[in-house]
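What follows is a set of notes on a single structure, which appears directly below.
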Amino acid sequence: MLASTGQRLRLEITGIVQGVGFRPFVYQLAQGLNLTGWVSNSPQGVQVEIEGDRPALAQFQTLLQGELPPNAAIATLKIIPIPTQGDQEFVIRKSDRTGPKTTLVLPDLATCSACLGELFDPENRRYRYPFTNCTHCGPRYTIITALPYDRPHTTMAGFPLCSDCQREYGDPGDRRFHAQPNACPICGPQVALWNGQGEVLATGEAALGATVAQLQKGDIVAVKGLGGFHLMADARNPEAVGKLRQRKHRPTKPLAVMYADLAQLERDCQVSPQEATLLQSPQGPIVLLRCLANPTIAANVAPGNPYLGAMLPTTPLHHLLLRSMNGPLIATSGNQANEPICIDQQEALQRLEGIADAFLIHNRPIVRPVDDSIVRLMAGEVMILRRARGYAPLPVAKLPATLSECPATLAVGAQLKNAIALNLGDQIILSQHIGDLGTPQALDHFEETITSLASLYQIKPQQVCCDAHPDYIASQYAQTLGLPCQQVQHHQAHLWAAIFEEREKSSEEREKFSLLTPHSSLPPLLGIVWDGTGYGEGGEIWGGEFFQVMGSKMERVAHSLAFPLPGGDRAAREPWRSAMGLLWATFGPDFPPLENRDRQQQALIRTMLTQGVNCPQTTSIGRLFDGVAALIGLGDRNSFEGETAMALEFAAEQTETTAAYPYGIIPSSPMVFDWRPMIIALCQDHQTGIPIPQMAAKFHNCLIDGITQIAQTIGCGHIVLTGGCFQNRYLTEGAIAHLTAAGFPVHLPQNIPPNDGSIAVGQLIAAAFARASKP
């Protein structure tokens, strides 16, 4: 290539530009346009110096932004004219390792179509190789140990490339040009099947065949994947499913199912085009789908649930297993209840002892556990319920310009569905789903995630923020760090996260978010935050909250009527306690007894309510759901979070009634949604034998009507719905329909969960506001 006599430009590029074939893409653009210079990874992203004729440079800039590789995205592009140097060629330089680490780490990506084609091509040298990958797919976040993203900074450092793989790695025309996890059967990781004692039963191809044989006979196999182990079993075999439930102490919670392909999945579930796109996306999440009548899977996979969490294989290893099985497999997290998933084979042998009959392992180390993500469609949009593989750790929100000088901040999240957050400049990075912090193993995972993410970006937090609940483990941890600590009210954190999540915004949405400017003359935004529990400003339990937001100010303007919760947190596991609290608040001390409940136990609860012993007041809509479900006979115990509330939702979907129970509005300040007329009418319906679906639907419709009336009474601009209760499709889609009909634009979280998985994001934003307001 001839030296240029035109112009030279320096490009500093940030965004998703490492691990996606971006440097090879730049190289090929430059070669095609006869430009010289170089491209290099840096801790901030990618640097380019490019030289040539001005028209070619202009075309290069256009193509750079218009023809990005799959999975790549440019966040910022800074172009600086510099003196020409007369380079003779364009090259990929070794990575620059100096400066702050601000480039984005890419999530793990599902196997691409090109690699899948090679996997099942008998003539290809990677035929049936379980670790096939390229620049468009494969492990990223789970194997990276440091930035910039180069092979020595991954767990593939221990697998030197063979001559064929090295040739691919150095060939600009190859799909594996600078693919850091590149491997083949000669030089890459290998699989083995172990028994429960860690003894090798088979290796390589024989291990795959033996695994399938064990699954087909009804055994449970722990399979090491991208971010940890799955516990896998034949989804068509009720005995195998029952054995897994018994061993994992998971009596009724739905189990996720992995299908070989879309055609196989469509035999069991309705799949819309949008849902098919999600299933086949590089993120490859579990998608909640409506089941068809008479599916091929066993009835005890998701008992009493009209939806199924379904996914397609996301690694070559899983593709090989599913193709050979010729039927779907249970693919549930490889862990004990409330513990993180296992990532190491020795750890799995110990922690999954007594659950798995065998272990399909491999020797590529996993740096950090990353579970499967879960999504569903809600009102025609994607709602993330669990944000992990395929999504984490990409940024989810951006601090407003007025807060862009916020120092490095750690947000430790909530007690349940924990995830932590850090700010990288003005970008907020949300970790993968960590889970409930109720076990020592979960706490270890929580602390390791903080250390790992901070180390990866070389962030040293200058302040920390946490939930205001003094008993949350994460909040107690925050107090031990010796940093300035900002406590943030739980439901306000929910709302800040939903308001500031980073999305592709239409012009209408940009206008909506401009309502947060302090001097706007438009009506303020109304946030409705409904969930199971959260520490209120006075120490009571909140969960049915309405906030007005203007600028950095958030005011509680309405809430659900409070009622006593006998036993406090025990009520979340025993919904009949919430039912008794509702009856007490509605009818007084002489409230009617519950059916099918021990009278002596009820007498004890009456005494607690009368004396006010261990009966905290709550405005929680989640506990309202639990109590109503118990009152109409849908269950008096939750074996998993929200079980009876889900049963109430599913019952409501069985009827098309638009009737609603009555309610009241108490015009106090703040305003109060009074559900007591609903409880009176519901009890009357139950006594007269009204079908459960009718009562369930009328309950939901009552809440929807109440939301709409409060919004109209308060007067507001746009409305944000968030909190765990808005994972309920009947409630959420009904509320959106009514609010939209009343003239309110409505926003749901899309890039973050509406549940406690996003609390850390809101904590960080609230802490930034609080710091900025100090003199």
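Going left to right, the sequence shown walks through residues 1424 to 2198 as the working numbering numbers them. Each residue gets a CB set at the ideal place from its N, CA and C atoms; glycine is no exception. As the structure is a computational prediction, the values presented were derived from the model and not from experiment.
_Touch test, the region 2052-2066 against the region 1671-1680, Cβ-Cβ under 8 angstroms, three pairs minimum_ = yes
*Quick one: using the 10 Å Cβ neighbour count with 16 as the cut-off for buried, is valine 1462 buried or exposed?*
Counting from one through the sequence shown, the residue named residue 1462 turns up at place 39. Valine 1462 comes out buried.
*Identify the continuous alpha helix (DSSP H) that holds asparagine 1841 and give its terminal residues.*
As a first step, residue 1841 must be located in the sequence shown, where it is residue number 418. It is not in any alpha helix (DSSP H) - asparagine 1841 carries neither H nor E in the DSSP assignment.
*asked:* Between which residues of its own chain and threonine 2067 is the CB-CB distance below 7 angstroms, once the five residues before and five after are set aside?
replied: Sequence index remark: in the sequence shown, residue 2067 carries index 644 (1-based). Closer than 7 angstroms at Cβ, skipping near neighbours: Pro1998, Asp2049, Ala2052, Ala2053, Leu2057, Gly2058 and Asn2061.
_Opening and closing residue of the alpha helix (DSSP H) in which threonine 1956 lies_ = Here residue 1956 is taken as the residue at index 533 of the sequence shown, counted from 1. First-last for threonine 1956: 1948-1958, but that is the beta strand (DSSP E), not the alpha helix (DSSP H).
*Between the region 2154-2164 and the region 1964-1983, are three or more C-beta pairs nearer than 8 angstroms?*
no
*How big is the Cα-Cα spacing for glutamine 1855 and alanine 1811?*
Mapped onto the sequence shown, residue 1855 falls at position 432. Mapped onto the sequence shown, residue 1811 falls at position 388. Those two C-alpha atoms are separated by around 4 angstroms.
*How about threonine 1832 and alanine 2189: do their beta carbons lie closer than 8 angstroms?*
Position 409 of the sequence shown, counting from 1, holds the residue named residue 1832. Position 766 of the sequence shown, counting from 1, holds the residue named residue 2189. Not a contact, by the Cβ cut-off of 8 angstroms.
*Roughly how many whole angstroms lie between the Cα atoms of arginine 1446 and isoleucine 1857?*
Reading the sequence shown from its first residue, position 23 is the one you call residue 1446. Reading the sequence shown from its first residue, position 434 is the one you call residue 1857. Near 33 angstroms, if we compare the C-alpha coordinates of isoleucine 1857 and arginine 1446.
*Would you grab the beta carbon distance between alanine 1834 and tyrosine 1895 for me? Rounded to a whole angstrom, and I think it's under 8 angstroms.*
Sequence index remark: in the sequence shown, residue 1834 carries index 411 (1-based). Sequence index remark: in the sequence shown, residue 1895 carries index 472 (1-based). With 8 angstroms as the limit, alanine 1834 and tyrosine 1895 do not qualify as a contact, their Cβ atoms being about 13 angstroms apart.
*What's the gap between the Cα of glutamine 1909 and the Cα of cysteine 1888?*
Position 486 of the sequence shown, counting from 1, holds the residue named residue 1909. Position 465 of the sequence shown, counting from 1, holds the residue named residue 1888. Cα to Cα, the separation comes out at about 5 angstroms.
*For leucine 1649, name the three-state secondary structure that DSSP assigns.*
Position 226 of the sequence shown, counting from 1, holds the residue named residue 1649. Here leucine 1649 sits in coil by DSSP.
*Does DSSP classify leucine 1939 as helix, strand or coil?*
Within the sequence shown, the letter at position 516 stands for residue 1939. With a pLDDT of 48 at leucine 1939, under the threshold of 50, the modelled position of that residue is not reliable, and no figure is offered here.
_Where proline 1708 falls, given that 16 or more other Cβ within 10 Å makes a residue buried_ = On the sequence shown, residue 1708 is found 285 positions in, with the first residue counted as 1. Buried.
*Can you check the region 1700-1773 for any alpha helix (DSSP H) of at least 4 residues that lies completely inside it and give the ranges in chain order?*
1739-1748
*Can you tell me the Cα-Cα spacing of valine 1471 and phenylalanine 1600, whole angstroms?*
On the sequence shown, position 48 is the one that residue 1471 refers to. On the sequence shown, position 177 is the one that residue 1600 refers to. So the two alpha carbons sit approximately 17 angstroms from each other.
*Per DSSP, what kind of secondary structure is alanine 1498 in: helix, strand or coil?*
The residue given as residue 1498 occupies position 75 in the sequence shown. In the structure shown, alanine 1498 sits in a strand (DSSP, three-state: E or B).
*Entirely within the region 2047-2124 and at least 4 residues each: give me those alpha helix (DSSP H) ranges in chain order.*
2066-2075 and 2099-2110
*Whose C-beta lies closer than 8 angstroms to the C-beta of lysine 1821 among residues of the same chain, with five residues either side of it excluded?*
Position 398 of the sequence shown, counted from the start, is the residue given in the question as residue 1821. Cβ neighbours of lysine 1821 beyond the five flanking positions: Asp1849, Gln1850, Ile1851, Phe1923 and Glu1925.
_For leucine 2032, tell me which candidate among Asp2013, Thr2042 and Ser2043 has the shortest Cα-Cα distance._
Translated into the one-based positions of the sequence shown, residue 2032 becomes position 609. Ranking Asp2013, Thr2042 and Ser2043 by Cα distance to leucine 2032 puts Asp2013 first.
*In terms of residue numbering, what span does the beta strand (DSSP E) encompassing methionine 1579 cover?*
By 1-based counting over the sequence shown, the position of residue 1579 is 156. Careful: methionine 1579 lies outside any beta strand (DSSP E) and carries neither H nor E.
*Quick check: the region 1577-1587 against the region 1784-1792, are there 3 or more CB pairs under 8 angstroms?*
yes
_DSSP-derived helix/strand/coil call for lysine 1928_ = Here residue 1928 refers to the residue found at position 505 when the sequence shown is read from its first residue. Confidence at lysine 1928 is low in this model, with a pLDDT of 48, below 50, so its placement is unreliable and no value can be given for it.
*To which residues does DSSP link glutamate 1474 through a beta bridge?*
The residue labelled residue 1474 in the question sits at position 51 within the sequence shown. DSSP, once it has assigned bridges, lists Arg1431 and Thr1459 as partnering glutamate 1474.
*Round the Cβ separation of proline 1661 and asparagine 1717 to the nearest angstrom and send it over; I've been treating them as touching at under 8 angstroms.*
The count along the sequence shown starts at 1 and reaches residue 1661 at position 238. The count along the sequence shown starts at 1 and reaches residue 1717 at position 294. So it is not a contact: roughly 14 angstroms between Cβ atoms.
*asked:* I need the DSSP call for glycine 1444, collapsed to helix, strand or coil.
replied: As a first step, residue 1444 is located in the sequence shown; it is residue number 21 there, counting from the start. Of the three classes helix, strand and coil, the one that applies to glycine 1444 here is coil, per DSSP.
*Would the beta-carbon of isoleucine 1720 fall within 8 angstroms of that of proline 1751?*
What you label residue 1720 is simply residue 297 of the sequence shown in a count that begins at 1. What you label residue 1751 is simply residue 328 of the sequence shown in a count that begins at 1. Yes, the pair counts as a contact, with Cβ atoms nearer than the cut-off.
*Report all residues from its chain with a CB closer than 7 angstroms to the CB of aspartate 1684; omit the five preceding and five following residues, and keep chain order.*
In the sequence shown, the residue the question calls residue 1684 occupies position 261. Only residues of its own chain outside the window of five on either side were considered, and among them Leu1735 have a CB closer than 7 angstroms to the CB of aspartate 1684, listed in chain order.
*State the DSSP-derived secondary structure class of serine 2043, mapped to helix, strand or coil.*
The sequence position of residue 2043 within the sequence shown is 620, counting from 1. It is coil, neither helix nor strand.
_Per-residue burial, lysine 1671 [other beta carbons within 10 Å of its own, 16 or more giving buried]_ = As a position in the sequence shown, residue 1671 is number 248, starting the count at 1. Classification of lysine 1671: buried, given that the 10 Å Cβ count is 16 or more.
_For glutamate 1804, three-class secondary structure by DSSP_ = For the purposes of this step, residue 1804 is taken as the residue at position 381 of the sequence shown. Three-state result, glutamate 1804: strand.
*Taking the alpha carbon of asparagine 1841 as the point to measure from, which residue in Gln1454, Asp1476 and Asn2178 has its own alpha carbon closest?*
Stepping through the sequence shown from its first residue, residue 1841 is reached at position 418. Selected option, being the one with the closest Cα: Asn2178.
*Proximity to glycine 2004 [Cα-Cα], best of Ala1498, Asn2019, His1982 and Ser2043*: For the purposes of this step, residue 2004 is taken as the residue at position 581 of the sequence shown. Selected option, being the one with the closest Cα: Ser2043.
*Hey, quick one: how far does the beta strand (DSSP E) through glycine 1966 stretch, first residue to last?*
Numbered from 1 along the sequence shown, position 543 holds the residue referred to as residue 1966. First-last of the beta strand (DSSP E) with glycine 1966: 1964-1973.
*Given 8 angstroms as the limit, is there contact between the region 1528-1540 and the region 1555-1570, that is, 3 or more CB pairs closer than that?*
yes
*Is it right to say serine 1518 is buried, meaning 16 or more other beta carbons lie within 10 angstroms of its own, or is it exposed?*
Taking the first residue of the sequence shown as 1, we reach residue 1518 at position 95. In this structure serine 1518 is buried. Its beta-carbon is surrounded by 16 or more other beta-carbon atoms within 10 angstroms.
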